[in-house]
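Peer 1: If you read the sequence shown in the UniProt record's numbering, its first letter stands for residue 1, the second for the next number, and so on. The beta carbon of each residue, even a glycine, is placed where N, CA and C say it ideally should be.
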Amino acid sequence: MAFCIQVVKVSERLSQPGVAIGLAWTPLGGEIMFVEASRMDGEGQLTLTGQLGDVMKESAHLAISWLRSNAKRYQLTNASGSFDLLDNTDIHLHFPAGAVTKDGPSAGVTIVTCLASLFSGRLVCSDVAMTGEITLRGLVLPVGGIKDKVLAAHRAGLKRIIIPQRNEKDLEEIALNVRQDLTFVLASCLDEVLNAAFDGGFSVKPRVERLNSKL
1 MAFCIQVVKV SERLSQPGVA IGLAWTPLGG EIMFVEASRM DGEGQLTLTG QLGDVMKESA
61 HLAISWLRSN AKRYQLTNAS GSFDLLDNTD IHLHFPAGAV TKDGPSAGVT IVTCLASLFS
121 GRLVCSDVAM TGEITLRGLV LPVGGIKDKV LAAHRAGLKR IIIPQRNEKD LEEIALNVRQ
181 DLTFVLASCL DEVLNAAFDG GFSVKPRVER LNSKL
């Protein structure tokens, strides 16, 4: 019964755009971590709450920059329909459990997914959790604590876990019965993360390469 209640609570919190589930490591083990985003009329400001350390704040700014540079590819717009996501728009990112200090780079993929949900109006799949560091070019880098993070997702009833491709070897540390209950998505870039995080994938316009010719 407790397991069913926990699953219901997770899906309830993902019942509107702008919410995604990340995976965090603590000295006591892994935990699932919700990331929430909202937008409002403003001047392009980003507000971060939830007792965040400097590295996590940098991840949030990286996520915003990457999404702004790829907004047209993903058809992401602000409330006025502009691809300039911060045009007359403020963003508030919140990491619940504000009494607990949070830091590290592994929330990068979750922040990107949360914001992509917010600006597309689409819901993130309620059975998906993720972890991974990001770069400004949209690469997904390996992180630590994979075993504990996966166990936390399994306890919470989540079924699909997105991790960096370069963390594949860490899955060998997880018991076979746990691995068999889960589907793992090994991502090397943010395009792959977003495609796995949304039901039906996340369509993207192909990049158009400009060819310069000289006579």
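1) Take M33 and list the residues in its own chain whose beta-carbon comes closer than 6 angstroms to its own, dropping the five residues that flank it on each side.
2) Could you spell out the range, first to last residue, of the alpha helix (DSSP H) harbouring I111?
3) V178 by DSSP, collapsed to three states: which one?
4) If distances are taken between C-alpha atoms only, which option among S80, N177, K169, S120 comes closest to R155?
5) Work out the CA separation of G29 and A175 for me, nearest whole Å.
6) Classify P156 as helix, strand or coil using the three-state DSSP reduction.
7) From I111 to A20, what does the alpha carbon distance come to, in whole angstroms?
8) Skipping 5 residues on each side, what residues in its chain have a beta carbon closer than 6 angstroms to that of E84?
9) Can you list, in chain order, the residues of its chain with a C-beta nearer than 6 angstroms to that of L86? Leave out the 5 residues immediately preceding and following it.
10) Please report the distance separating the alpha-carbon of L123 from that of P27.
11) Give the secondary structure of S188 by DSSP, where H, G and I count as helix, E and B as strand, and everything else as coil.
12) Could you tell me the alpha carbon to alpha carbon distance between S203 and Y74, rounded to whole angstroms?
13) In whole angstroms, what is the alpha-carbon distance linking A71 and L158?
14) Return the CA-CA distance between A187 and R160, expressed in angstroms with no decimal places.
Peer 2: To lay it out plainly:
1) Contacts found: G22, A24.
2) Taken as a continuous stretch (DSSP letters only), the alpha helix (DSSP H) holding I111 covers 108-120.
3) DSSP places V178 within a helical segment (H, G or I) once states are collapsed to three.
4) Comparing Cα-Cα distances from R155 to each of S80, N177, K169, S120, the minimum goes to N177.
5) Each residue's Cα considered, the two are about 16 angstroms apart.
6) Position check: residue 156 holds Ala in this sequence, whereas Pro was assumed. It is coil, neither helix nor strand.
7) C-alpha separation (whole angstroms): 8 angstroms.
8) This sequence places Asp at residue 84; Glu is not what is there. Excluding five sequence positions before and after D84, none of the CB atoms of its chain fall closer than 6 angstroms to its own CB.
9) G44.
10) If you take the alpha carbons of L123 and P27, they lie about 31 angstroms apart.
11) Residue state, collapsed to three classes: coil.
12) Approximately 7 angstroms, taken between the alpha carbons.
13) In a straight line, the C-alpha of A71 is about 29 angstroms away from that of L158.
14) The alpha-carbon of A187 is positioned some 13 angstroms away from that of R160.
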